[in-house]
Each structure stands twice: as C-alpha cells, then as structure tokens.
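Worksheet: one structure, shown below.
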Amino acid sequence: MPGASGVNGEGSCEALCRTLVSQNGHQRETADISQSVLYTSLMGLLLVADNEKEKVTLGSGRIGLRNIGNTCFLNAVVQCLSHTCGLRDYCLLKSHRQEKFSKEEARLMEAFSELLSGLWVANEEDTVVNPRRFYNIFKEAVPYFSGYSQQDAQEFLRFLLDKLHTEINRRPYVRRAGKDPEQKYARIRLSEEAVAMWKTHLERDDSRIVDLFSGQLRSSLHCSVCSHYSNTFDVFCDLSLPLPKRSIAGVVTLKECLDLFSQEEKLDKENSPMCERCNRRTECTKRLSIQRFPQVIVIHLNRFTTSRWSISKSTVYVSFPLANLDLRPYGPVDCGPVLYDLYAICNHTGTVNMGHYTACCSDGNGWCFYNDSSVTPVSENQLQTNQAYVLFYQRSKSSATIRK
Ligand SMILES: [Zn+2]
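In short: position in the sequence shown from 1, add 1162, done, that's the numbering used here.
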C-alpha cells in the first residue's frame, strides 16, 4: 500500500487488528482496563467489546467537522483524540456505561461518544459532522469557553480530558479535600516511593483517561548548602516543552526541547522550597524527569510566550521523529528504551490574534490532513512544518515488549 504508515508501521487493516489484539499481551501495568478487539468482517472493520455485547462497524474515520464559528481549535483536537484508538474504542462501544460508578449523568462523555460515532461508525452518506451539541454541552461544563473568540487548542484539550475524567472516574466518592500525604519515605527506595504516590493517585483518580494519558513526573531538588536530595512526584497528562531561543529562521529538534525541559535549573533562595534538612529555604538545583511513562504522551510545543504586555508566537521549525521517539534519557536510570510512534499532530498557523488550527492524523492506512470540514490525504514528508503545536505519540509495541 503506497504511502501507508500509521501507528503500527504496517498500514493494513489486518495490521491494525493485530496491533490492537496484541496490546492485550503487553499492557501489564494496566491489565485491568477493558480491551476491545477489531475484526475484519464483510462490511469492514468490526469493533467488538470484550463482553461481546457491543459491536460497531468502523468506517474510514476520514470525516470532517463543521466550523460553527471559530471552532477550528475544537475540530483539530477532536480529530487528534478520535485517532487515539484506546479512547475511540472506549467511546464507540459506550464502555463508560458499563464501568460508571458515579450516579451523576456523564453528559459530556455521552456527547463526546456521539461525536466520535459520527466520525467513525460506517455510514457512507455523511462527509461532515456538526459538533454543535457536543460544544454546547462542553461550554456548560466549562463556562470559561463560552466566549465566541478563538481559543487555545492545548487549553481546550486539558479542560476536555479533565472533564471527561471527572465524569467517568471509577472512584468518584473518595474525598478530595486535604493535601496529599506527606512525601516522607526516607528509608524506602525512590522507585517504591514513586509507586506509593501513584497508588495514592489511583485511589482517587482512575479512569480510561488516566489509563491512557497520565504519567508521573519526578522533580529532584538538590540543596547547595547541605547536599540533601529530595524528590516529589506529580501526575501529568501532557508535557509542555519550552522552545530553545533561536533566530526566526532557526531549526531545532524535539530532543533539544526535551533536553531544555529536563535540564538542571538553579533556584535562588526566594524561589526554592524548604530544604528538609536545613529546615529553611536555601539555594538549590531542580531537575525534572519522567518517572512513569503514559501509554499516550501528549507533547505541547510551547510556541506562545506571554510577556507583561503581549503574547508572542514562535514559528521556529521543530523537527520530530514520526516513529521510535526514545524517551529513555528522560526516564529513570534503569528504564531501558521507551519508544513512541507519532499518530496525530495539531497545527497552529497564523499569528496570535489571527490563527487557525488543523490536524494531521494517521489511521493505519496513511495520514490525512483535517482542516475543519475538509479531509485530504497527506504524505509523511508533509507532516513536519513550523506549525506543529501539539504532538500525540503512542507507546510502541516493541518498547513495551523489551521493558517486561
Ligand atoms: Zn539543605
């Protein structure tokens, strides 16, 4: 198949089936999440839930979204999410209805699932889907987005995932008040401390969104007075990377952005937290690393810089790998290769005030360019532009196998 690429690198429907089926084998850390399976049927790809009650015949997914007034940010993000197989399958099979613990209605999740069904459930008549119902319900849930002006795609993505998570949280009644337990595990190993913090997180926040998008960041502090090391762990759903300062015509690599993100930073007394040993604020160094890798890593190239009076946009060209992005240098010392493959890109063109969002997504049969209602195939060499804004990477099969 010419130009075929896709999440699994093989590009055929059968390859996609094999990938989804074999994922059952390697997702040991999240073995409890319900898995769907794709079959090839006479009508096309058939998506079947593990309880076999729900079946959906998949279309090509190459359907546009109508712009209903400055909603390109929404359209681009929805296309990227709709190509996140683990989320798409969950939505199409309405899996949240089976696993919902909260008594409250999952209105946004229902509307989002309906929207994705419009994009994926085989129906030859539709070429464009209207996101209005979904957008109205979203704006009710997040009044911040009620204005009629252009919004930031990354912000929208964060709010959307957060709201969806809240509605489908498997632990909705655990009290959220109060602070996290004190992170004092002086005698146990760092990795055990990280696991303990992660378990605490899952006791309150556990959903398909967490299964797919959540990882754990480690922040290490080193006191310059007493040399004491301390660590804190935080959950993340995306990495927001700074761009190295370069001339407008410059070219940087994703690796340089990641290096900048994880490089050691000097904190002066005023900006540093209390040193546990000195029992006062001291000069220290801080370094961020990834303690736990998510299945899907969302990488935000932070092109917008807010100064006192204005927001400016960087149009620097950031080159990024389409396959085998290795995040090992940013993980724990002994983590081994941690490989990711790109499957969606959210682009921002134009300026801060006059911008437009589009998406490029891979569906296993190749890449398409999603520009509101229009969908056109693109080749791999057209994917890298200086407009790339949010990158969606899926952990690849090979890295998970090596990891054991
Ligand atoms: Zn100290």
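Note that beta-carbon positions come from the ideal geometry of N, C-alpha and C, so glycine has one too. Remember, it's a predicted structure, so these values are computed and weren't measured experimentally.
CB of Arg1320 to nearest heavy atom of ligand 1: below 7 Å? no
Among the candidates Thr1219, Ser1222, Val1199, whose CA atom is the shortest distance from the CA of Ala1211? Val1199
Ranges of the beta strand (DSSP E) found wholly within the segment 1380-1452, counting only runs of at least 3: Correct list: 1391-1398, 1401-1403, 1413-1415, 1427-1429.
Which residues end up in the neighbourhood of ligand 1 when you take C-beta atoms closer than 6 Å to any of its heavy atoms? Cys1385, Val1387, Cys1388, His1390, Cys1437, Arg1439, Cys1440, Thr1444
Short of 8 Å in beta carbon distance, which residues of its chain neighbour Asn1464, apart from the five on each side in sequence? Order them along the chain. Ser1402, Leu1403, Pro1404, Leu1405
Looking at the secondary structure, which residues open and close the beta strand (DSSP E) in which Val1372 lies? Note, Val1372: premise wrong, no beta strand (DSSP E); alpha helix (DSSP H) at 1370-1375.
Out of Val1414, Ser1381, Thr1520, Gly1517, state which residue places its alpha-carbon closest to the alpha-carbon of Gln1453. Of Val1414, Ser1381, Thr1520, Gly1517, the residue nearest in Cα terms is Ser1381.
Pick from Tyr1201, Ser1257, Ser1481, Gly1231: whose alpha carbon is nearest that of His1518? Gly1231
Got a sec? Which residues, its chain only, sit under 6 Å from Gln1556 by beta carbon, not counting five neighbours each side? Val1169, Val1458, Asp1503, Tyr1505
Does Phe1554 come out as helix, strand or coil in the three-state DSSP assignment? strand
Is the separation between the beta-carbon of Arg1277 and that of Ser1535 shorter than 8 Å? One point to set straight first is that residue 1277 is Leu, not Arg, in the sequence displayed. Their beta carbons are not under 8 Å apart, which means Leu1277 does not touch Ser1535 by this criterion.
Have a look at Leu1379, Val1413, Ser1244, Leu1208 and flag the residue whose alpha-carbon is nearest the alpha-carbon of Thr1394. For Thr1394, the nearest C-alpha among the options comes from Leu1379.
For Pro1293, count the other beta carbons within 10 Å of its own beta carbon; 16 or more makes it buried, fewer makes it exposed. Which is it? Burial call: buried.
8 Å Cβ cutoff met for Asp1314 and Ile1225: no
Excluding the 5 residues flanking Gly1512 on each side, which residues of the same chain have their C-beta closer than 6 Å to its C-beta? His1518
My output table needs one value for Asp1534: the three-state DSSP class, helix, strand or coil. Of the three classes helix, strand and coil, the one that applies to Asp1534 here is coil, per DSSP.
I'd like to confirm the pairing. Which residues does DSSP put opposite Gly1512 in its beta bridges? For Gly1512, DSSP records a beta bridge to Gly1517.
Under the three-state reduction of DSSP, which class applies to Glu1191: helix, strand or coil? The predicted model places Glu1191 with a pLDDT of 42, which falls under 50 and marks its position as unreliable, so this point remains unresolved.
At the level of alpha carbons, what is the spacing between Phe1263 and Thr1328? 11 Å
CB of Cys1446 within 8 Å of CB of Leu1383, strictly: yes
Mind reading off the beta-carbon distance from Leu1254 to Leu1209? Whole number of angstroms is fine, and I expect it under 8 Å. 6 Å
Just to confirm, is the Cβ distance from Ser1451 to Gly1493 under 8 Å? yes
Measuring alpha carbon to alpha carbon, tell me which residue in Thr1444, Gln1425, Asn1527 is nearest Glu1432. Thr1444
In the DSSP assignment, find the unbroken beta strand (DSSP E) run with Ile1459 in it and report its ends. 1458-1463
DSSP state of Phe1318 mapped onto helix, strand, coil: helix
Tell me which same chain residues have a C-beta within less than 7 Å of the C-beta of Gln1549, skipping the five on either side of it? Asn1509, His1510, Thr1511
Secondary structure of Lys1217, DSSP reduced to three states: In the structure shown, the three-state DSSP call for Lys1217 is strand.
Assigned exposure category for Cys1111 - 16 Cβ within 10 Å defines buried: No information on residue 1111 is available, as it lies outside the stretch 1163 to 1566 that the chain covers here.
Quick one: give me the first and last residue of the beta strand (DSSP E) that Ser1474 is part of. Counting along the chain, the unbroken beta strand (DSSP E) around Ser1474 starts and ends at 1473-1475.
Nearest-angstrom Cα separation, counted from Leu1352 out to Ala1358: 10 Å
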